[in-house]
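Enquirer: Chains as they are written, first to last, in the working numbering: chain A, 9 to 172; chain B, 9 to 172.
Got a structure for you, questions after.
Protein chains: 2
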Amino acid sequence: MAETQGGESLLFLTDEQLRKGIEAMFFAYRGFTADPDRILEGKDYGRAHHRAIHFIHRSPGTTVSNLLSILGVTKQSLNRVLRTLIEDGLVRSEKGKVDARERHLHLTDKGQMLERELSDAQRARMRAAYRAAGPAAVAGFRQVLEAMMDPEMRRQYNRLKEGG
Amino acid sequence: MAETQGGESLLFLTDEQLRKGIEAMFFAYRGFTADPDRILEGKDYGRAHHRAIHFIHRSPGTTVSNLLSILGVTKQSLNRVLRTLIEDGLVRSEKGKVDARERHLHLTDKGQMLERELSDAQRARMRAAYRAAGPAAVAGFRQVLEAMMDPEMRRQYNRLKEGG
DNA sequence: CTTGGAAAGTCAACAAGGCTGACGTAAATT
DNA sequence: AATTTACGTCAGCCTTGTTGACTTTCCAAG
Numbered sequence: 009m010a011e012t013q014g015g016e017s018l019l020f021l022t023d024e025q026l027r028k029g030i031e032a033m034f035f036a037y038r039g040f041t042a043d044p045d046r047i048l049e050g051k052d053y054g055r056a057h058h059r060a061i062h063f064i065h066r067s068p069g070t071t072v073s074n075l076l077s078i079l080g081v082t083k084q085s086l087n088r089v090l091r092t093l094i095e096d097g098l099v100r101s102e103k104g105k106v107d108a109r110e111r112h113l114h115l116t117d118k119g120q121m122l123e124r125e126l127s128d129a130q131r132a133r134m135r136a137a138y139r140a141a142g143p144a145a146v147a148g149f150r151q152v153l154e155a156m157m158d159p160e161m162r163r164q165y166n167r168l169k170e171g172g
Numbered sequence: 009m010a011e012t013q014g015g016e017s018l019l020f021l022t023d024e025q026l027r028k029g030i031e032a033m034f035f036a037y038r039g040f041t042a043d044p045d046r047i048l049e050g051k052d053y054g055r056a057h058h059r060a061i062h063f064i065h066r067s068p069g070t071t072v073s074n075l076l077s078i079l080g081v082t083k084q085s086l087n088r089v090l091r092t093l094i095e096d097g098l099v100r101s102e103k104g105k106v107d108a109r110e111r112h113l114h115l116t117d118k119g120q121m122l123e124r125e126l127s128d129a130q131r132a133r134m135r136a137a138y139r140a141a142g143p144a145a146v147a148g149f150r151q152v153l154e155a156m157m158d159p160e161m162r163r164q165y166n167r168l169k170e171g172g
């Protein structure tokens, strides 16, 4: 901790430090998804359904192609997930009024309930981590994550940030 | 930034802030895996091979069951990956001398080369993010990630940290 | 009004990488 | 000698990603 200025400012860029960061991402992401995964198992849904539900909740009325660009999967892949959610009455899909080719997606009450359950669990873990680490650490956490994104993803992320 | 003590210390725990953290994790993890994924596509390997290679490199001579507990998958799943890596001459598996039931895993020179290529790419992104965010942010980043892990994963993570 | 192209949806086929269950073998332990 | 451990393997299943081909619907430009 007590090092020269040069050492202090470069230490965090050694291969060893970078590797620790890589492993931290790996293990932390497992924790990050663990609780929702547990809730979803046995409900016939998976992570893909969670992601769709999250971003529909986040941007009610979003279109399919909008969702496609956020999730970064093919429409066939998304459609499979979306279809089951619509069939099961968690998501409502309605034709656009200005452009009737588009489908605007909303969560139903039932969808809202599942979204709540999932995000409560995920936020609880995040809250515990934030509380343990403190506000300064949280700011750093967000800074590094943001810098790690591809520019296109960062655009999506920031667009969502404003919207909320 | 200039807020009351109470406001400042609690702002980072609002649902809105937590949701931003959740989305940051989602988008950042995509960036995190993007470069190795790109390298591996067309080489007949995937993320699962990358993970195996990473941790064998990290702990040369590790056993199969050791790797199983780090990766958190079934032996059938790991074995499928390991078999192809051994067949292709990237990984060497040798009977334990003290306990001959165990298989000790090492990267061959060829395996080292691929490991290098993958980790160079991943470290480059991590280095850029670290540099952009600065040392204080990096410390916070690691703190929050560590707090986000399940206790068992944190144990694995810390064991690896010491070892290096 | 027709036509080109965008948005959405669908079918089929496939691959990676998870999973369970069952079984086999060698080696260590009791 | 019997049991347990570590590993490997076969078979089969699921989720979630992919490509390619095709249709329907609809807006907008010619």
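Every residue gets a Cβ at the ideal spot worked out from N, C-alpha and C, and that includes glycine.
Because the structure is a prediction, the values reported are computed rather than measured.
Anything in chain A within Cβ reach of B/Asp45, meaning under 7 Å, just list it in chain order.
Expert: Here the premise fails: no neighbours, minimum Cβ distance about 12 Å.
Enquirer: Using a Cβ-Cβ distance under 8 Å, would B/Ile30 count as near chain A?
Expert: At least one chain A Cβ lies under 8 Å of B/Ile30.
Enquirer: Could you spell out the range, first to last residue, of the alpha helix (DSSP H) harbouring A/Lys28?
Expert: Counting along the chain, the alpha helix (DSSP H) containing A/Lys28 begins and ends at Asp23 to Leu48.
Enquirer: Could you pull out every residue in the same chain whose Cβ sits closer than 8 Å to the Cβ of B/Ile203, ignoring the five residues on either side in sequence?
Expert: Because residue 203 of chain B is not part of the residues shown, which for chain B are 9 to 172, the question remains open.
Enquirer: Determine which residues share a DSSP beta bridge with B/Leu113 and list them.
Expert: For B/Leu113, which the question treats as bridged, DSSP gives the partners B/Thr70 and B/Ser101.
Enquirer: Out of curiosity, what's the CA-to-CA distance linking B/Ala36 and A/Ala137?
Expert: Approximately 17 Å, taken between the alpha carbons.
Enquirer: Quick one: give me the first and last residue of the alpha helix (DSSP H) that B/Phe173 is part of.
Expert: Residue 173 of chain B is absent from the structure shown; chain B starts at 9 and stops at 172.
Enquirer: Between the C-alpha atoms of B/Met9 and A/Ala147, what's the straight-line distance to the nearest angstrom?
Expert: In this predicted model, B/Met9 has a pLDDT of only 46, less than 50, meaning its place in the structure is not dependable; the value taken from the coordinates is given anyway. Computed Cα separation, rounded: 11 Å.
Enquirer: Output the boundary residues of the alpha helix (DSSP H) element that contains A/Gly106.
Expert: One detail in the question is off: residue 106 of chain A reads as Val in this sequence, not Gly. Note, A/Val106: premise wrong, no alpha helix (DSSP H); not H, not E.
Enquirer: Taking 8 Å as the CB-CB cut-off, is B/Gly54 touching chain A?
Expert: So, not an interface residue.
Enquirer: I'd like the list of long-range same chain contacts for A/Arg59, defined as Cβ closer than 7 Å, with 5 residues on each side in sequence excluded.
Expert: Closer than 7 Å at the Cβ level, and outside the excluded window around A/Arg59, lie Leu79.
Enquirer: Starting from B/Glu95, find everything on chain A with Cβ-Cβ shorter than 8 Å and list it in chain order.
Expert: The contacting residues do not exist; B/Glu95 stays about 26 Å from chain A at best.
Enquirer: Between A/His119 and chain B, is any beta-carbon pair separated by less than 8 Å?
Expert: Here residue 119 of chain A is Gly; the residue named in the question, His, does not match the sequence. Not one chain B Cβ lies under 8 Å of A/Gly119.
Enquirer: Looking at chain B, which residues of the region 57-86 of chain A have a Cβ within less than 7 Å of any of its Cβ atoms?
Expert: Within the region 57-86 of chain A, the residues whose Cβ lies closer than 7 Å to some Cβ of chain B are Gly80, listed in chain order.
Enquirer: Along chain B, in chain order, which residues have C-beta atoms closer than 7 Å to that of A/Val146?
Expert: Here the neighbours are Phe20, Gly148 and Val152.
Enquirer: Which stretch, first to last residue, makes up the alpha helix (DSSP H) that contains B/Thr92?
Expert: Looking at the DSSP string, the run of the alpha helix (DSSP H) that includes B/Thr92 is Lys83 to Glu95.
Enquirer: Between the beta-carbon of B/Gln130 and the beta-carbon of A/Ile30, is there less than 8 Å?
Expert: Contact: yes.
Enquirer: With distance defined between alpha-carbon atoms, name the residue in B/Gly104, B/Asp45 and B/Asp43 nearest to B/Val72.
Expert: Comparing Cα-Cα distances from B/Val72 to each of B/Gly104, B/Asp45 and B/Asp43, the minimum goes to B/Gly104.
Enquirer: Under the assumption that B/Ala56 contacts A/Ala141 (Cβ atoms under 8 Å), give the Cβ distance between them as a whole number of angstroms.
Expert: No, B/Ala56 and A/Ala141 are not in contact; Cβ-Cβ is about 30 Å, not under 8 Å.
Enquirer: How long is the line joining the alpha carbons of B/Met134 and B/Met161, rounded to whole angstroms?
Expert: The alpha-carbon atoms of B/Met134 and B/Met161 are separated by roughly 21 Å.
Enquirer: By how many angstroms is the C-alpha of B/Val152 removed from the C-alpha of B/Asp96?
Expert: Whole-angstrom Cα-Cα distance: 39 Å.
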